[in-house]
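Under the working numbering, think of the first position of the sequence shown as 1, with each following residue one higher. What follows is a set of notes on a single structure, which appears directly below.
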Amino acid sequence: MGTWDATIFGNDTSLDIKEEFFERYNQGEDANTIKNDLTSDLYDDDMYDVLFALAHCLWEVGQLDDEFLLEIKEIILNKEDLELAQELGADSEFLEQRAENLEKFLEKISVKNKNLNN
1 MGTWDATIFG
11 NDTSLDIKEE
21 FFERYNQGED
31 ANTIKNDLTS
41 DLYDDDMYDV
51 LFALAHCLWE
61 VGQLDDEFLL
71 EIKEIILNKE
81 DLELAQELGA
91 DSEFLEQRAE
101 NLEKFLEKIS
111 VKNKNLNN
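Laid out in structure tokens, this is it:
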């Protein structure tokens, strides 16, 4: 896993998910179909990076539903991502930065994307 900072897209996995999501979405594939496909087997060290990247992508295109938003909110509020990062050897500085970034991320995706042309 390549991680270079504590932001949502500060790792290889999140960037790969974002790239695949938009490649498929721009070819006309349904956003929820892409989400379901990319989350079908999510039980490894990268699962939160995948979920956060997908939540951001879905938010960007106005397709983030309340159920998935609630799942993301619970992960962040329960500090599941931070616990995993700590288990994987993240230092306290990274964990502090990640916590701040996750809080800002949750605030951002909790409101509709104002940049959509609806």
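All C-beta atoms, glycine included, are put in the ideal place defined by N, C-alpha and C.
Which stretch, first to last residue, makes up the alpha helix (DSSP H) that contains residue i?
i    : result
I34  : 31 to 38
T13  : 12 to 26
W59  : 47 to 60
N101 : 92 to 109
K73  : 66 to 77
Q63  : No alpha helix (DSSP H) holds Q63; DSSP gives it neither H nor E.
In chain order, what residues of the same chain lie with their CB nearer than 7 Å to the CB of residue i, ignoring the 5 residues before and after it?
i   : result
Y25 : A31, I34, V61
N78 : none
Run the CB neighbour count on residue i, radius 10 Å, all protein chains shown included, and call it buried at 16 or more, exposed below.
i   : result
M1  : Only weak support is given to the placement of M1: the predicted model assigns it a pLDDT of 48, under 50, and the question is left unresolved by the model.
D65 : exposed
S14 : buried
For residue i, which residues of its own chain have a beta-carbon under 8 Å away from its beta-carbon, when the five flanking residues on both sides are left out?
i   : result
R98 : A6, D81, L82, A85, A90
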